[in-house]
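Residue numbers (the working numbering), protein chains in the order written: chain A, 1 to 181; chain B, 1001 to 1698. Every residue, glycine too, gets a C-beta built ideally from N, C-alpha and C.
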Amino acid sequence: MQPDQTSIAGFAQDDLDPPAGGENRQQFITFTLGAEEYGIDIMVVREIKGWTDTTMIPNAPVHVRGVINLRGVIVPIFDLRARFGVGLTVPTSMHVVIIVAAGTRTVGLLVDTVSDIISIDPKAIRPVPEMGLPTEDQFLEGLVAIENRMVTLVSLAGLFGKSADATKRHFKGDLATSKAA
Amino acid sequence: MNSEGEGYPLAQFRKTYFEECTELLDALQSNLDMLSNGSGDAETLHAIFRSVHSIKGGAGAFGFAGLVTFSHVFESLLDAMREQKVSAVPEIVQLLLRASDALADIVNAARSEQSLDAGFGAEIVAAMEEVLAGAADAQPEAAEAATAVTAEPEVTGERRYRIAFTPHSEMLQKANEPLLLVRQLRRLGGVSVEVDTSRIPLLAALDPEAAYLGWTFTLDTGAPQSAIHEVFEFVEDDCDLLVTLPEAGMPVAAATVTATPEFVAEPAAASVAKTAEPAAAVPVATQSIRVDVDKVDRLVNLVGELVITQAMLTEQGTLLPADHYPALIQGIEALAQSARELQESVMAIRAQPVKSVFARMPRVVRDLAATLGKEVRIVTAGEMTEIDKTVIEQLNDPLTHMIRNALDHGIEGPDARVAAGKPRQGTIHLSAAQRSGRIVIEVSDDGRGINREKVLAKAQDRGLVPPGASLSEEEIDNLIFLPSFSTADVVSNISGRGVGMDVVKRNVQSLGGRITVHSRFGAGSRFTLSLPLTLAVVDGMVVSVGKETFIIPLTAIIESLRPRAADIHPVIGRGNVLALRGEYLPLIPLHKCFEVEGAISDPCSGIVIVVQSESAGRVGVMVDELLGQQQVVVKSLEANYDPVDGISGATILGNGRVALILDIARLREIDAEPRPEKPSPIQQFATSEPREEITHAA
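(1) If contact is defined by three or more beta carbon pairs under 8 Å, each pair taking one atom from either stretch, is the segment 1430-1444 of chain B in contact with the segment 1513-1533 of chain B?
(2) Compute the Euclidean distance between the alpha carbons of V1443(B) and Q1184(B), then round it to the nearest angstrom.
(3) Mapping DSSP to helix, strand and coil, what is P1178(B)?
(4) Report the three-state DSSP secondary structure of Y1161(B) (helix, strand or coil).
(5) Mapping DSSP to helix, strand and coil, what is N1108(B)?
(6) Give, in chain order, every unbroken run of the beta strand (DSSP E) that is at least 3 residues long and sits entirely within the segment 27-64 of chain A.
(7) If we count the other Cβ atoms within 10 Å of its Cβ and call it buried at 16 or more, is R1186(B) buried or exposed?
(8) Find the residues of chain A that neighbour P1644(B), judging by a C-beta separation of less than 9 Å, and give them in chain order.
(9) Within the same chain, show all residues whose beta-carbon is closer than 6 Å to that of D1240(B), passing over the 5 residues directly before and after it, in chain order.
(10) Report the start-end ranges of each alpha helix (DSSP H) in the segment 1035-1099 of chain B that is 4 residues or longer and not cut off at the edges.
(11) Can you tell which of K1085(B), Q1094(B), I1228(B) and D1388(B) has the C-alpha that lies nearest to the C-alpha of A1175(B)?
(12) Going along chain A, which residues have a C-beta under 7 Å from V1705(B)?
(13) Run through DSSP, which three-state label would N69(A) get?
(14) Please compile the residues from chain A whose C-beta is within a distance smaller than 8 Å of the C-beta of S1636(B).
(15) Using CA coordinates, which residue listed in I1411(B), S1470(B) and Q1460(B) is at the minimum distance from E1375(B)?
(16) Nearest CA to the CA of E1426(B): which residue from I1441(B), V1391(B) and G1413(B)?
(17) Find the nearest neighbour of G1649(B) within the set D116(A), I74(A) and P127(A), judged by alpha-carbon distance.
(18) Are the C-beta of N1037(B) and some C-beta of chain A separated by less than 8 Å?
(19) Which partner residues of Q1631(B) appear in the DSSP bridge assignment?
(20) So which of D1033(B), V1052(B), V1089(B) and M1384(B) has the shortest CA-CA distance to S1076(B)?
(21) Start and end of the alpha helix (DSSP H) containing R1666(B)?
(22) For a quick check, are the C-beta atoms of V67(A) and T52(A) less than 8 Å apart?
(23) Rounding to the nearest angstrom, what Cα-Cα distance links V1354(B) and L1025(B) in this structure?
(24) For chain B, find out if any of its Cβ atoms is closer than 8 Å to the Cβ of R46(A); answer yes or no.
(25) Do I120(A) and V144(A) come within 8 Å of each other at the CB atom, strictly closer than that value?
(26) Relative to the C-alpha of E1083(B), which residue among F1049(B), G1628(B), I1441(B) and E1583(B) is closest?
(27) What does the alpha-carbon distance come out to for the pair D1323(B) and S1338(B)?
(28) Touching or not, the segment 1580-1589 of chain B and the segment 1648-1663 of chain B, by the rule of three or more beta carbon pairs under 8 Å?
(29) CA-CA distance, L1028(B) and S1100(B)?
(30) In this structure, how does DSSP classify M1384(B) when only helix, strand and coil are distinguished?
(31) Distance, Cα to Cα, V1243(B) vs L1180(B)?
(32) Would I1558(B) count as contacting chain A if we go by Cβ distances under 8 Å?
(33) For chain B, check one thing: does any of its Cβ atoms lie closer than 8 Å to the Cβ of T113(A)?
(34) Using the C-alpha atoms, what's the distance from L1172(B) back to A1211(B)?
(35) By the DSSP assignment, the beta strand (DSSP E) with F1527(B) in it spans what residues?
(36) Quick one: which chain B residues come within Cβ less than 7 Å of T106(A)?
Written as structure tokens, this is what we have:
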């Protein structure tokens, strides 16, 4: 009786405690952009849907691929590849949009594929090494190694936390720098 | 709002109570206004009483002692009026108005949990108590009038008497109440009353203790003439009384409105006889339920979805061969019908009469007129005109500002008015009406009007107008809408604080409205606001530019045409202009403004839509094609994205795709800006090169 109870309690605690609890594991949805694998906190993901044609927004930054109608809500779609400054995605029906809640806003992230749900110990997250990149690259939260893959964790706050103006202005700078590098 | 938790029931009840108070105070205010301008009747008085009573009841439950004490005295006075112990003479009505203002302040203080000065409202309470004490004294004496009996030969059969009765001031001083006499008369038979108001002087000359009214009663009675004289026995020495017996069966004059004498209180209320009609116009009790606005908004959104889905179905339905699926096609048609009706009904829920805003204005006028030492009355019309709730909420500030402006800058002081040959009392008219799918609100005053010379001089002074420029009268009038423009010689604490008509204009424009002014120097100004009925639905022209679809608000469109090559003239550095009936309009190529590829760049093979906006004037917008006219549900782009220059919102078309709604006023400026991809090679890479990629991919 006694050992059983303990193990149940331990199991329950493991699963139910908030991910920020330190000891506990955090879940990420992983997706790919080309050959690279990225992860995003599962708690912010609202849904995953296939790419549909967007309506362009005039004079918007390149990574803004326009807006779509998501059951009556106008949702902007951001091309993560362009946001990371590694060119533009050429979307097909095989491409995937991850709908996430960024603060009070709902936005879509255009990625190549969604691959997995991973559960990791926050302690296993390694910081992104300084590579002389400009400070705008704060949307990378950390790196984590799973088996023999490396997953880059993306921070939504870093992507959208700053005012959009800042994002816009910095974006072009990012792109230029990373291309030049 | 307060520190108590949201879920705490008392806090909830408290919130509801104050919501009700706001409504009750609004109702109180508008009923008092009716009473003060003489269009009220007994029901108005009852309604006023009920409002105060309800406020008092709730206040007791929540333990707002000050509120209870004040409303109790207020209520007692109203009760005395209901029982005809106190009549609704102007000074009493004034007292009621002051009491209602004070009541509103006390309620607000209780809501925000602030405490008022200890003596707040004390003088009003004292004044009300004084009136009440006076009423108690007068009552028994007047009642004695009924007790006298005289013997006279009886005349049988109904006869019609005309009784002309004009009390002297002495009669009132002896505490005789004309109303009681009327009641006495009524016991004798059917009475109709006409009031003679011809002797009422202007308010300034009015002696509150004097008697100015005369009445003509037409009495049908079987009682002898002596019975009539009996009624007036105690006052005969203090009035002019003439009882005549016109020919039997003489028809009652058509102009005479039969009034129930119960309702005829002395002077102010006596005018009921003249204007009994408003009583019928105001519904006594409307059945209503209280619904959270969020719920209504959700309903509006859902219905918007439904309409979009329905439009999509209809579109798909046209692709089906009608003879194969007759029931389905019928069903789609029926759905379209119901969906449209549903949408209209839901929109109607959000629509509210502008009354809720208008009702606050009399107090603004009263307070400000008192501060400025001016005599001003406000006349409102069209309060029942309905407009979307969101518009109403944002109407209060601009309207208040315009009224204040009219009072401060427009209406002159009493002496100046008299010197100018106008009545001492200035008048502000506030009206609302629905005209061709828009709400038109007018604020006009009979004040001094706009001094164009002064306005122009000031504008030149500030460099807003180049010296020597010749402007039309209308252009000069509209200078007052320029930022930081105030002509008040002295910056008063009422207006002229730098918040000027430009703020009003901006507020109105943000509501999709327009504002114009017409003024005659010396005779007054008229400001006209034109607002859309709702912000949720826009009548739009659907146009295509390249692969993209845009919506142009129909209200902005003047005409659409395909220009001839001869009408297009290039202007160096400015693009093309279109010659249209002797006028030259700048042409705005939408595809360049918005960087749309694959669009028609030759204006002669596309369509030019001539649009007008308040700030940018008339321009021709170049598009590829007109796709049709449609009512679209406006969706917010800002909810999930940032404001986009040149775009006022978005909507969802029948095919489920998003289309952007153009902000016409901004187009010209966007067109004038250098295109972002040109200046630097970095940006060129950023925007143009990858875009090529998209085009190929698509």
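Short version:
(1) The segment 1513-1533 of chain B vs the segment 1430-1444 of chain B: in contact.
(2) One C-alpha to the other measures close to 47 Å.
(3) In the structure shown, P1178(B) sits in a helix (DSSP, three-state: H, G or I).
(4) In the structure shown, Y1161(B) sits in a strand (DSSP, three-state: E or B).
(5) Of the three classes helix, strand and coil, the one that applies to N1108(B) here is helix, per DSSP.
(6) Entirely contained in the segment 27-64 of chain A, the beta strand (DSSP E) runs reaching 3 residues are, in chain order, 36-41 and 45-50.
(7) R1186(B) is buried by the Cβ-count criterion.
(8) According to the sequence as given, residue 1644(B) is Val; it is not Pro. Residues of chain A passing the Cβ test: I57, P58, N59 and A60.
(9) Only T1166 meet the Cβ criterion.
(10) Entirely contained in the segment 1035-1099 of chain B, the alpha helix (DSSP H) runs reaching 4 residues are, in chain order, 1042-1062 and 1065-1082.
(11) Selection K1085(B), Q1094(B), I1228(B) and D1388(B) evaluated against A1175(B) yields K1085(B) as nearest (Cα-Cα).
(12) There is no way to answer for residue 1705(B), as the model of chain B reaches only from 1001 to 1698.
(13) Correct three-state label for N69(A): strand.
(14) Ordered by position in chain A, the residues that pass the 8 Å Cβ test against S1636(B) are I74.
(15) For E1375(B), the closest alpha carbon among the candidates I1411(B), S1470(B) and Q1460(B) is that of I1411(B).
(16) For the record, residue 1426(B) in the displayed sequence is Gly; it is not Glu. G1413(B) is the residue among I1441(B), V1391(B) and G1413(B) whose C-alpha sits nearest the C-alpha of G1426(B).
(17) Ranking the options by Cα distance to G1649(B), first place goes to I74(A).
(18) With 8 Å as the cut-off, N1037(B) does not count as an interface residue toward chain A.
(19) Beta-bridge pairing links Q1631(B) to D1539(B).
(20) Comparing Cα positions, the closest option is V1052(B).
(21) Taken as a continuous stretch (DSSP letters only), the alpha helix (DSSP H) holding R1666(B) covers I1664 to A1672.
(22) V67(A) is not a Cβ neighbour of T52(A), given a cutoff of 8 Å.
(23) For V1354(B) and L1025(B), the gap between their C-alpha atoms comes out near 16 Å.
(24) No, because no Cβ of chain B sits closer than 8 Å to the Cβ of R46(A).
(25) In contact: V144(A) and I120(A) (Cβ atoms closer than 8 Å).
(26) Of F1049(B), G1628(B), I1441(B) and E1583(B), the residue nearest in Cα terms is F1049(B).
(27) Cα to Cα, the separation comes out at about 23 Å.
(28) Flag = no, the segment 1580-1589 of chain B and the segment 1648-1663 of chain B do not touch.
(29) Each residue's alpha carbon lies about 7 Å from the other.
(30) Residue state, collapsed to three classes: coil.
(31) One C-alpha to the other measures close to 18 Å.
(32) No, its Cβ sits nowhere closer than 8 Å to a Cβ of chain A.
(33) It does not; no Cβ of chain B falls within 8 Å.
(34) Taking the CA atoms as reference points, A1211(B) sits about 7 Å from L1172(B).
(35) From DSSP, the beta strand (DSSP E) with F1527(B) extends over G1524 to P1532.
(36) Those within 7 Å of T106(A) in chain B are N1640.
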